[in-house]
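K.L.:
The listed protein sequences derive, respectively, from chains A and B.
Counting along the first sequence from 1, when you hit position 339 you're at 339 in the numbering used here, and nothing is skipped either side.
Offset between the second sequence (1-based) and the numbering used here: plus 1000.
All C-beta atoms in this analysis are idealised placements derived from N, C-alpha and C, irrespective of residue type, glycine included.
One structure follows; several queries about it will come next.
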Amino acid sequence: MTAAAARPAPPRPAAPPAPPGTWRLAHRDRSLLVDRRAATAAAVLAVLVAATVAVGLALGTASVPLNRTLPAAFGVGEARDVLLVQQLRLPRIAAGLAVGAALGVSGVLLQTLARNRLATPDTVGLNDGATAFATASVVAVSTSITPSAFALVGSATAAALALGLAGGAGRRGYRFLVVGLGVGAALGAVTQLMLARAPIDEANQAFPWSVGSLNSRSATSVTVLAVGLAVALPVAVVLGRRLRLLRLADAVVTGLGSRVARVRLAVIGTAVVTAGLAVATAGPLGLVALLAPEIARKAAGPRVVPVVGAALAGALVVLLADLLGRTVAAPLELPAGLVTAVVGGPYLLWLLLTTRTRRMP
Amino acid sequence: MDDRLALRARSRRETAQGTPAPPRRLARGLAWGTAALAATVLASLLFGAGEVGPGRALAVLAGVGDDDARFAVLQLRVPRTVVAVAVGTALGVAGAVLQTAARNPLAEPGLLGVSAGASFAVVLVIASGAGAAALGPWVAVLGAGAGCLLALGAARLRGTGDDPVRLVLAGAALSALLGAATSIVLLLDQRTADEVRFWTVGSVAGRDLGTLSQVGPVLAAGLAIALLAARPLSALALGDTVAQGLGHRPARARGLAMAAVALLVGGSVAAAGPIAFVGLVVPFLARALVGPDLRRVLAVAVLLGPAVVLAADVASRLLVRPYEMPLGVVTALIGAPVLVAVVRSTRMPSL
């Protein structure tokens, strides 16, 4: 054998200590820094989401005791419990989880992109675009194309219009925001126009898209949303590391070796897909995409762009809103979209009126 | 000494740039406004969603014509046109006054939540037991006043001229909040929902002159106050300190402006429901015609406001024949591009 093979491998240089506040996950010669506070925050949010799911499964017009809920979710227990929990509530809560997570991700991506925490799918018109096209799929054309596909096209159209007319997201994103507001208003008017023209039955069928609610989701759209999330969430997590850079000036980012335009495109694409699919499932749930990233940022601290945290917080907000809407005025049901709008509205106002210097997410 | 000096300086500048001097611009603006108003009034009387077309309607106006056409034109279209003229005047003037008072070219009663405040107040009062028929316009006026206070309060809090776009976002948030609250009240109370549908979607269809006789005095009072406040407000465009130096009282001027906007918007909501974007489009067009001085803008807005509302109303009859659609939808379609245009203009004009 040659001498080279016999020579022992050179000792690997000792890894530098992990920066304070992070954990290093190392495997062979690859390693990953995990922000401690962000990881803890995500874990806490996950626990909260799990608790809300359990309570949501148990509570309703007919309550099931908590200790019988979990078995019933897997089909074990009395027939009545299984019907209530597994057949009626589980699909609804699964849809709520997926919708909330999608909106949360979409919100955090758009906010970072526009460098402005007011930029969410509601404010820049993505939701209105998705709503208009989803309505069109029911009212205007009689094909078998699912509303999900149309809603995707709609949110993409709105994003393209808003970005194109505003000439890019801009440094502070305010022009983007108001142009988006205008695009949203026009698309909202188009929705009204279609509803005014449509026969009453079709108009009723399209009504869920005018107030966000988990009540009338279709099974197909939930499946499509789940598939979309399975793709978009990992992409968003990977993008999350680059997103931190987007908070800096373009020249700095380019100097650090990231291709700004490509990252932006990927971010917009992911935000459009998540917002469109979520709207196709549950309609425009007001302000979830604003509240969720805000909660996640508060919990995870300023160092990271909390993509996973935002997804969890979004799920939490939607589930809580749905739970409130189902129980507060029972037997009448308030749509979850109205609950989130009433809760989130004052917060948005307070945010707009109090903060003097804007710190970007 | 008053703001005449500043005006003269501005007119000299504009003449130097090749635009006509103010008197000629004003005359041109008034001519355009009158022509637009006359054309839209005529169109509003001639076109409809039903079977009575322009030919038969023209015959009625000429004094001949069959009974059907006579009924459609005299009993349906004339009152509708009159209400649209009143509402359009009110909204155009309110928009111009609010924009000057907030020193923000994007300030618009619909966008800032003033109309939403009026609608919400009406819904709340009806939900607490009052009948819709017995309700005067005052509830709507009070609601509009509260919305106006919030909007202008926000502008003051942020400091004037700080960020025009911020105020619009705050207004959008307020509108969304009040809209959601309105929906919840309506969901919980079916009786209110039936009586109130009228106030939640803006439209001038089927309004009779009786509505106008209630609302008319309110609108007239608002218009009078707006004209009274025009002079101090246009001085405020030069900044609070300068206005004070010229002998005006900024706080008083803003108070007058707020009262005028509350009366005008509340009255128009009581007559026709919330109609967004008119208060944005009309001052925008008026400024393009006659320049930024509020007094000249008001003179033209009085003509252009009704013209814009009438044009939107005629479109709302023709777009989905034989149905009609809410007027607010058409104004949003017209107004959204204007909003984009204002934001896109490279230098955001600060009023």
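1) Whose C-beta lies closer than 7 Å to the C-beta of B:L1351 among residues of the same chain, with five residues either side of it excluded?
2) Verify whether the separation of the beta carbon atoms of A:A72 and A:V82 is less than 9 Å.
3) Just confirm the distance between the C-beta atoms of A:L334 and B:I1184, as a whole number of angstroms; I'd bet it's less than 8 Å.
4) Going by beta carbon distance, what residues of the same chain come within less than 8 Å of A:A156, once the five residues before and after it are set aside?
5) Where does A:H27 land, buried or exposed, given buried means 16+ other C-beta within 10 angstroms?
6) Measure from the C-beta of A:V178 to each C-beta in chain B and report whether the shortest distance is under 9 Å.
7) Let me confirm a value: B:I1126 is counted as buried when at least 16 other C-beta atoms fall within 10 Å, else exposed. Which label applies?
8) Does DSSP put A:A26 in a helix, in a strand, or in coil?
9) Establish whether the CB of B:V1340 and some CB of chain A are separated by less than 9 Å.
10) Do three or more CB pairs link the region 259-274 of chain A to the region 213-224 of chain A at distances below 8 Å?
11) Please state whether DSSP places A:D35 in a helix, a strand or coil.
12) Note down the Cα distance separating B:G1239 from A:G314, rounded to an integer number of angstroms.
13) State buried or exposed for B:F1284, treating a residue as buried only when at least 16 other CB atoms are found within 10 Å of its CB.
14) Using a Cβ-Cβ distance cut-off of 9 Å, determine whether B:M1258 contacts chain A.
15) Can you tell me which of the three DSSP states B:T1160 falls into?
16) Quick one: what does DSSP say A:G180 is sitting in, helix, strand or coil?
17) For B:E1051, does the count of other Cβ atoms within 10 angstroms reach 16, so buried, or fall short, so exposed?
18) Which chain B residues are close to A:V342, counting only those with a beta carbon under 8 Å from its beta carbon?
19) Could you tell me whether the Cβ of A:R175 comes closer than 9 Å to any Cβ of chain B?
20) Is the shortest distance between the beta-carbon of A:P331 and the beta-carbons of chain B less than 9 Å?
21) Look up A:Y174 in the DSSP assignment and say whether it is helix, strand or coil.
22) Do the CB positions of A:L287 and A:G228 come within less than 9 Å of each other?
23) Would the C-beta of A:V64 count as close to the ligand ADP, meaning under 8 Å from any of its heavy atoms?
24) Please report how far the alpha carbon of B:G1110 lies from the alpha carbon of A:T22, in whole angstroms.
25) In whole angstroms, what separates the C-alpha of B:L1223 from that of B:M1325?
26) For the region 318-329 of chain A, which residues have a beta carbon sitting closer than 8 Å to at least one beta carbon of chain B?
27) Between A:T157 and chain B, is there a C-beta pair that is closer than 9 Å?
28) Grab the span of the alpha helix (DSSP H) containing A:F133 for me, first residue to last.
29) So for A:V76, helix, strand or coil by DSSP?
30) Using a beta-carbon distance below 9 Å, is B:R1166 in contact with chain A?
31) Thinking just about the alpha-carbon of each residue, which of A:S218, A:V108, A:K298 is nearest to the one in A:L246?
32) Take A:G184 and list the residues in its own chain whose beta-carbon comes closer than 6 Å to its own, dropping the five residues that flank it on each side.
33) Once DSSP output is grouped into helix, strand and coil, what is the label at B:L1177?
34) Excluding the 5 residues preceding and the 5 following B:T1040 in the sequence, name in chain order all residues of the same chain whose CB lies nearer than 6 Å to its CB.
35) Quick check on the DSSP output: what are the complete alpha helix (DSSP H) runs of length 4 or more inside the region 201-240 of chain A, in order along the chain?
36) Decide if the region 283-301 of chain A is in contact with the region 247-256 of chain A; the criterion is three or more beta carbon pairs, one per stretch, under 8 Å apart.
P.N.:
In this structure, then:
1) As a position in the second sequence, residue 1351 of chain B is number 351, starting the count at 1. No answer about B:L1351 holds up, because its pLDDT of 46 lies below 50 and its placement is not dependable.
2) Taking the first sequence and counting its residues from 1, the one referred to as residue 72 of chain A is at position 72. Taking the first sequence and counting its residues from 1, the one referred to as residue 82 of chain A is at position 82. Yes, the pair counts as a contact, with Cβ atoms nearer than the cut-off.
3) Along the first sequence, read from residue 1 onward, the residue named residue 334 of chain A stands at position 334. Along the second sequence, read from residue 1 onward, the residue named residue 1184 of chain B stands at position 184. In this structure A:L334 touches B:I1184 by the C-beta definition: roughly 6 Å separates them, less than 8 Å.
4) To locate residue 156 of chain A, count along the first sequence from 1; it is residue 156. The beta carbon of A:A156 lies closer than 8 Å to those of G129, V272, G276 in the same chain, with the five residues before and after it left out.
5) Taking the first residue of the first sequence as position 1, residue 27 of chain A is located at position 27. Burial call: exposed.
6) Residue 178 of chain A sits at position 178 when you count from the first residue of the first sequence. Yes, its Cβ sits closer than 9 Å to a Cβ of chain B.
7) Working through the second sequence from its first residue, we reach residue 1126 of chain B at position 126. Burial call: buried.
8) Walking along the first sequence from the start, residue 26 of chain A turns up at place 26. Assignment of A:A26 by DSSP, reduced to helix, strand and coil, places it in the strand class.
9) Locating residue 1340 of chain B in the second sequence gives position 340, where the first residue counts as 1. Closer than 9 Å to some Cβ of chain A, the Cβ of B:V1340 qualifies, so yes.
10) Contact fails between the region 259-274 of chain A and the region 213-224 of chain A, because fewer than three Cβ pairs, one in each stretch, are under 8 Å apart.
11) As a working mapping, residue 35 of chain A is identified with position 35 in the first sequence. Secondary structure of A:D35 (DSSP, three-state): strand.
12) Here residue 1239 of chain B corresponds to residue number 239 of the second sequence, with the count starting at 1. Here residue 314 of chain A corresponds to residue number 314 of the first sequence, with the count starting at 1. Approximately 44 Å, taken between the alpha carbons.
13) The residue labelled residue 1284 of chain B in the question sits at position 284 within the second sequence. In summary, B:F1284 is buried, with 16 or more beta-carbon neighbours lying within 10 Å of its beta-carbon over all protein chains present.
14) Here residue 1258 of chain B is taken as the residue at index 258 of the second sequence, counted from 1. Residue contact check for B:M1258 against chain A: no CB pair falls below 9 Å.
15) The residue given as residue 1160 of chain B occupies position 160 in the second sequence. Confidence is the limiting factor: at B:T1160 the pLDDT is only 42, short of 50, which leaves the residue's position unreliable and the question unanswerable from this model.
16) Here residue 180 of chain A corresponds to residue number 180 of the first sequence, with the count starting at 1. Assigned with DSSP and collapsed to three states, A:G180 falls in helix.
17) Sequence index remark: in the second sequence, residue 1051 of chain B carries index 51 (1-based). For B:E1051, the number of other beta carbons within 10 angstroms of its own is below 16, and it is reported as exposed.
18) As a working note, residue 342 of chain A is residue 342 in the first sequence. Against chain B, a Cβ distance below 8 Å from A:V342 picks out L1177, A1180, A1181, I1184.
19) Translated into positions along the first sequence, residue 175 of chain A becomes position 175. At a cut-off of 9 Å between beta carbons, A:R175 contacts chain B.
20) In the first sequence, the residue the question calls residue 331 of chain A occupies position 331. The beta-carbon of A:P331 is placed no less than 9 Å from the nearest beta-carbon of chain B.
21) Start at 1 with the first residue of the first sequence, and residue 174 of chain A comes out as number 174. Under the three-state reduction of DSSP output, A:Y174 falls in the helix class.
22) Within the first sequence, the letter at position 287 stands for residue 287 of chain A. Within the first sequence, the letter at position 228 stands for residue 228 of chain A. No, the pair does not count as a contact, with Cβ atoms beyond the cut-off.
23) No copy of the ligand ADP appears in this structure; indeed no ligand is present at all.
24) The residue labelled residue 1110 of chain B in the question sits at position 110 within the second sequence. The residue labelled residue 22 of chain A in the question sits at position 22 within the first sequence. So the alpha carbons of these two residues sit roughly 49 Å apart.
25) Along the second sequence, read from residue 1 onward, the residue named residue 1223 of chain B stands at position 223. Along the second sequence, read from residue 1 onward, the residue named residue 1325 of chain B stands at position 325. Between B:L1223 and B:M1325, the C-alpha separation is close to 29 Å.
26) Within the region 318-329 of chain A, the residues whose Cβ lies closer than 8 Å to some Cβ of chain B are A329, listed in chain order.
27) Indexing the first sequence from 1 puts residue 157 of chain A at position 157. Closer than 9 Å to the CB of A:T157 there is not a single CB belonging to chain B.
28) Counting from one through the first sequence, the residue named residue 133 of chain A turns up at place 133. Membership of A:F133 in the alpha helix (DSSP H) is indicated by the continuous run 126-139.
29) Taking the first sequence and counting its residues from 1, the one referred to as residue 76 of chain A is at position 76. The answer is coil: DSSP assigns A:V76 none of H, G, I, E or B.
30) Along the second sequence, read from residue 1 onward, the residue named residue 1166 of chain B stands at position 166. Yes, because at least one Cβ of chain A sits closer than 9 Å to the Cβ of B:R1166.
31) Here residue 246 of chain A is taken as the residue at index 246 of the first sequence, counted from 1. Between A:L246 and the set A:S218, A:V108, A:K298, the nearest pair of CA atoms involves A:V108.
32) Numbered from 1 along the first sequence, position 184 holds the residue referred to as residue 184 of chain A. Take A:G184, set aside five residues on each side of it, and the residues of its chain with a beta-carbon closer than 6 Å to its own are G125, D128, in chain order.
33) Taking the second sequence and counting its residues from 1, the one referred to as residue 1177 of chain B is at position 177. Three-state result, B:L1177: helix.
34) As a first step, residue 1040 of chain B must be located in the second sequence, where it is residue number 40. Within the same chain, B:T1040 has close Cβ partners A1307, L1310, A1311.
35) As far as the region 201-240 of chain A is concerned, it has no whole alpha helix (DSSP H) run of at least 4 residues.
36) With fewer than three CB-CB distances shorter than 8 Å, the region 283-301 of chain A does not count as touching the region 247-256 of chain A.
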